[in-house]
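Okay, so the sequence shown: first residue is 1 according to our numbering, each after it adds one.
Below is one structure, written out as structure tokens, with a few remarks after it.
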Amino acid sequence: MPKSILMTPDPYHTPGYGGFCPQFEYQIGATFGRTTSDLLTNKKVASSGRLVLANIDPSKNDQQSQRESRVMGLRNRTQSYGDQKMLDKMVPGYTGYIPKGQHYFGSRYAENSLNAQSDFELSRRKRSEDRQELRDIASIQSGRMKVDKTTNPKLLSVKFPSPLKAIAKDAKPYISQNAFQPAMSPYYMDNSNPQKSFISGYTGFVPHILTQMSNGHPYPINTHHALNSFTDDMKLVKNTIGKSVTVERKEPKTEDSNPIYRKETGQVPHYTGHVPGEKFRYGNTFGHSTTNARRK
């Protein structure tokens, strides 16, 4: 019975499907089934070409003919290669390697194994045909093979002579610009580099870290400032190595801690000690006259 036009056309994923669907995160405004149906049938959407879903009612004739061709291909391979582990009827429980077996799932083990081995055999034959094609091109260009009406026109349209001649004795090594670079030690990084720090939990010694522990910053920031301070100190030490050192020592000034004659105030009345120049001064009080008596 044909499906109603109101139903989502096959193929589509039912709601709750947790697998990957290409470009799904960029689609809005439609149901889950309608969105996945459009994506699975849109040729402009990049995909592997292998649907996770299978037809509910596949054509039995097509299935039978495909299976027979796969079985015959494997049997011919078995006869030409002798004793083979890979047969058209694999027994469940086999733990050995099956080429391209990771690309097939959703069916019985024997069916998946047959499909994977058939795919591998087709790929192997295609590579063998390509190698033979290269040999024929080289034979035609060298004159060892004559060209007639039965010659494949593709062999005659090759522009470059075969085998190709090397343009250098050795191939230049390829160095990727995005190759992984080992991290430099924080001690040798520039002070402006934000990576010049240690991660939280590092238990090794960090120079000058004690001077940064009281500012309340996270551990990476504290270690960044501590390493910058340490780098500056090392640069200063490196720049001063070999230079002459001049030491200047100034004699400390000796000051009387308990002077008799003060500059700011005079002597109290009834002072009976000697006051320099007092006998030559007249007209002032005793306190004003004895202020800064030594006149310094």
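Cβ coordinates follow ideal geometry from the N, Cα and C atoms, glycine included.
Predicted model only: the values in this text are computed from it and were never measured.
query: Integer-rounded CB distance, given that residue 130 should sit under 8 Å from residue 114; result: Not quite, the Cβ-Cβ distance comes to about 25 Å (not below 8 Å), so this is no contact.
query: Alpha-carbon to alpha-carbon, residue 159 and residue 147; result: 16 Å
query: Rounded straight-line distance, which links the Cα of residue 291 to that of residue 281; result: 12 Å
query: Rounded separation between residue 229 and residue 208 - CA only; result: 7 Å
query: First through last residue of the alpha helix (DSSP H) which encompasses residue 32; result: 32-41
query: Every unbroken alpha helix (DSSP H) inside the segment 142-172 [4 residues or more]; result: 153-156
query: Residue 133 to residue 163 span [Cα, whole Å]; result: 12 Å
query: Identity of the residue in 106, 118 and 107 nearest residue 98 by Cα; result: 118
query: Inter-residue spacing [alpha-carbon to alpha-carbon] between residue 265 and residue 274; result: 16 Å
query: Buried or exposed by the 16-neighbour rule on C-beta atoms within 10 Å, applied to residue 122; result: exposed
query: Residue 235 versus residue 189: straight-line alpha-carbon distance, rounded; result: 13 Å
query: Beta-carbon separation (whole angstroms), residue 198 vs residue 220, contact threshold 8 Å; result: 7 Å
query: DSSP three-state assignment for residue 287, whether helix, strand or coil; result: helix
query: Where residue 70 falls, given that 16 or more other Cβ within 10 Å makes a residue buried; result: buried
query: Whole-angstrom distance between residue 126 and residue 35, CA atom to CA atom; result: 37 Å
query: Beta-carbon gap between residue 191 and residue 231 smaller than 8 Å; result: yes
query: Three-state class that DSSP yields for residue 230 in the structure shown; result: helix
query: Rounded C-alpha distance that separates residue 276 from residue 253; result: 24 Å
query: Helix, strand or coil at residue 114 according to DSSP, with G and I counted as helix; result: helix
query: Member of 108, 103, 24 and 260 whose CA lies at the smallest distance from the CA of residue 92; result: 108
query: Rounded Cβ spacing between residue 286 and residue 269 (contact assumed at less than 8 Å); result: 5 Å
query: Closest by C-alpha distance to residue 17, when choosing among 27, 23 and 33; result: 33
query: Local Cβ density within 10 Å of residue 212, reported as buried at 16 or more and exposed below that; result: buried
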